[in-house]
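I have placed the structure first, in the form of structure tokens, so that the comments after it can refer back to it.
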Amino acid sequence: MAGRRRRGAANGRPLERLTTTQTATDAAVSAVFREEAGRLTAALVRALGDFDLAEEVVQDSLVAALEKWPKQGIPEKPGAWLMTTARRRAIDILRRDKRYQEKLVILERSPLSPEPVEADDRLRLIFTCCHPALSQEARVALTLRAVAGFTTAEIASAFLVAEATVAQRIVRAKRKIVDAHIPYRVPEAREMGERLDGVLSVLYLMFNEGYLSRGAQVAMRRDIADDAIWLAGLVAKLMPDQPEVLGLLALMKLNVARSAARFDGAGEMVLLPEQDRRLWDRPAIAEGIDILDRAGAMRATGPYQIQAAIAALHSEAASWDETDWHQIMLLYDALLQMADSPVVRLNRAIALSHFAGPEPALGEVNDLAITLDGYHLFHSARAELLVQLGEPVLAREARMRALELCQNPAERSLLLRKLHG
Amino acid sequence: MKYVLMFVGSSDDQDAWEKLSKDQRAVAYEAAGKWFEEHSKAGRLVGGAELQGPNTATTVRIKNGKAMVTDGPYIEAKEVVGGFAIVEVKDLDEALAMAKGWPAGAVEVRPMVDHSND
Chain E
309 MAGRRRRGAA NGRPLERLTT TQTATDAAVS AVFREEAGRL TAALVRALGD
359 FDLAEEVVQD SLVAALEKWP KQGIPEKPGA WLMTTARRRA IDILRRDKRY
409 QEKLVILERS PLSPEPVEAD DRLRLIFTCC HPALSQEARV ALTLRAVAGF
459 TTAEIASAFL VAEATVAQRI VRAKRKIVDA HIPYRVPEAR EMGERLDGVL
509 SVLYLMFNEG YLSRGAQVAM RRDIADDAIW LAGLVAKLMP DQPEVLGLLA
559 LMKLNVARSA ARFDGAGEMV LLPEQDRRLW DRPAIAEGID ILDRAGAMRA
609 TGPYQIQAAI AALHSEAASW DETDWHQIML LYDALLQMAD SPVVRLNRAI
659 ALSHFAGPEP ALGEVNDLAI TLDGYHLFHS ARAELLVQLG EPVLAREARM
709 RALELCQNPA ERSLLLRKLH G
Chain R
4 MKYVLMFVGS SDDQDAWEKL SKDQRAVAYE AAGKWFEEHS KAGRLVGGAE
54 LQGPNTATTV RIKNGKAMVT DGPYIEAKEV VGGFAIVEVK DLDEALAMAK
104 GWPAGAVEVR PMVDHSND
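In the order they appear, the protein sequences are chains E and R.
One rule links them: number in the working numbering = place in the first sequence (from 1) + 308.
One rule links them: number in the working numbering = place in the second sequence (from 1) + 3.
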């Protein structure tokens, strides 16, 4: 519980419970921001040829909307309202520029409404925000701000860091985009694979961050996990022939479909084996599997599709014991062939334990002791196997070590219950 | 847009290089030479040089208006700049593509300051 208090205090201000009407307005505002912010930024970058300025004035217009809309209501044409506000702000800033007149003419010629005339420009925006020359944190923050319409304050509270830190990251990243001439374009075919992987890893990181912090309910206007799904859906729509994008989208949907069962009435975390499967969102699972099938039909497998297939097997199993562990282990083998990783090896060993018993699994887990010593889930998994093997003292030691390493409040609380229960 | 590509290696790399035989060095030079030739033909290369080792470096600092000359490189680090190339390309992606093709060690890519619009 100490962890949760710390969490709330991280913003430096007390958390307020949101009222129902506030929540409804917030949801509507978020939906508008998502739809409009990326288009608006893309349209203004095109018009001004200045990524930094375009991104800045759109952010300003979002902040202005957050002040006005909850009191005055959402305007009839919210996109046009935001565009007008952003343009006005751009003119204000450009007035201080010595090439003001020249730039003003360009701005006057830019479209009044962000309706896309040509192909959706947001793809360029996404690839620029996720450029490998930017730090991972900056990629996440910039994508949330420029593409999904988050404010800096929201990003800060979602990631439990100071607002000034996020602002600083964004300023540095944008300065680098301008100064180092990071191009504003969709990568060419020969570099597409690598660059798309980069985009997907940003979205997956965002999703995991949001998904893990769920449940330890902090009043937040927006849920990062939902926005990560929305972004993956957007990329899937804009690049319909990329099976790994669909694979990631399916993986996210399948995970979220189980979220109602992840926390009990007291807000405590419940792991997959103990979850009440009746709480799973069946239509969402069906949708996830459908997306995965569409990806599979393109006949180019990849790590996200395989992870989604593993999630699908869990989702389809009637119970933990009836899970198709053998198939899951084979999928982990396939994943290892694409990219060897100690975390994947750990998961494979857990699958193995379910049909070959805890002993061979513990052997494989112990092999990872050096590489994964700093990873709390390694020690948790080891503890589970030791319990099964009738080694309560060693199991307790492993759980203590896991507790030392674990930061997430919900996971810590779960570990404490296991230690004391 | 002009960038400087700095070819960096660790001091261990440098030591290993010193120990190479003539033939081995010739092979390494050929790979680097090919890189320079290819990009020079494509008009992307403005200039560049291979530098002698950090043991040959002398540093001049101005302190209280007086020039101080000391032995050794300015940055005492495990990594050393072994050479550089000045390239002129459209954007960072093109510069990174060139860096990816460099045959050995790491490459630091830095945009050059352009004062022409000041």
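Beta carbons: idealized from backbone N, C-alpha and C, even for Gly.
E/Leu702, enclosing alpha helix (DSSP H) - first and last residue: 700 to 713
Would E/Ala336 pass as a contact of E/Ile382 if the rule is Cβ separation under 8 angstroms? yes
Minimum Cβ-Cβ distance from R/His95 to chain E less than 8 angstroms: In the sequence on display, residue 95 of chain R carries Leu and not His. R/Leu95 counts as touching chain E.
I'd like the span of the beta strand (DSSP E) that includes R/Asp74, first residue to last. 69 to 74
Proximity to E/Asp535 [Cα-Cα], best of E/Ile434, E/Gln550, E/Met514: E/Met514
Neighbour flag for E/Asp505 against chain R, beta carbons, 8 angstroms: no
Can you pull the chain R residues whose beta carbon is under 8 angstroms from the beta carbon of E/Ala497, in chain order? Within chain R, no residue comes near E/Ala497; the closest Cβ sits about 13 angstroms away, beyond 8 angstroms.
So does the segment 561 to 576 of chain E actually touch the segment 633 to 648 of chain E, counting three or more Cβ pairs closer than 8 angstroms? no
Is the beta carbon of E/Gln550 sitting closer than 8 angstroms to the one on E/Leu600? no
Figure out for me which residue from E/Met560, E/Asp429, E/Thr392 has the closest Cα to the Cα of E/Tyr492. E/Asp429
Taking the DSSP output, what are the residues bridged to R/Glu91? R/Lys5
Using a 10 Å radius around the Cβ and a threshold of 16 neighbouring Cβ atoms, would you call E/Arg483 buried or exposed? exposed
Let me know the secondary structure DSSP gives E/Gln367 once reduced to three states. helix
Along chain R, which residues have their Cβ under 7 angstroms away from the Cβ of E/His489? Met4, Asp94, Leu95, Pro114
Let me check understanding here. Comparing Cα to Cα, which of E/Leu587, E/Tyr512, E/Arg432, E/Val365 lies closest to E/Ser567? E/Leu587
Where the alpha helix (DSSP H) through R/Glu53 begins and ends: Here R/Glu53 belongs to no alpha helix (DSSP H); instead the beta strand (DSSP E) covers 48 to 53.
Exposure label - E/Phe435; buried when at least 16 CB within 10 Å: buried
Examine the Cβ distances between the segment 708 to 719 of chain E and the segment 677 to 692 of chain E and report whether three or more of them are shorter than 8 angstroms. yes
Measuring straight from C-alpha to C-alpha, what distance separates E/Ser623 and E/Ser338? 30 angstroms
Alpha-carbon spacing of E/Ala718 relative to E/Tyr519, whole angstroms: 12 angstroms
For E/Ala647, decide whether its Cβ has a neighbour in chain R, counting only Cβ atoms nearer than 8 angstroms. no
Exposed or buried, R/Val90, counting other C-beta atoms within 10 Å across all chains shown (16 or more means buried)? buried
Give a yes or no on whether 8 angstroms exceeds the smallest Cβ distance from E/Ala441 to chain R. yes
Between R/Ser43 and E/Ala454, what straight-line distance do the alpha-carbon atoms span, to the nearest angstrom? 38 angstroms
DSSP state of E/Lys379 mapped onto helix, strand, coil: helix
Output needed for E/Arg342: all residues of its chain with C-beta closer than 8 angstroms, excluding positions within five of it in sequence on either side, in chain order. Ala456, Gly457, Asp535, Trp538
Run through DSSP, which three-state label would E/Phe467 get? helix
Should E/Lys379 be labelled buried (16 or more other beta-carbon atoms within 10 Å of its own) or exposed? exposed
Hey, quick one: how far does the alpha helix (DSSP H) through E/Pro591 stretch, first residue to last? 590 to 604
Simplified DSSP state of E/Arg342, which is helix, strand or coil: helix
Among E/Gly610, E/Ala659, E/Ala398, which residue has its Cα nearest to the Cα of E/Leu559? E/Gly610
Around the Cβ of E/Ile658, are there at least 16 other Cβ atoms within 10 angstroms (buried) or fewer (exposed)? buried
Three-state class that DSSP yields for E/Thr459 in the structure shown: coil
Taking only three categories from DSSP, how would you classify E/Thr631? coil
Of the residues E/Leu452, E/His439, E/Gly671, which one's Cα is nearest the Cα of E/Ile532? E/Leu452
Using a Cβ-Cβ cut-off of 8 angstroms, state whether E/Gly555 counts as contacting chain B. The structure shown contains no chain B; the protein chains it does contain are E and R.
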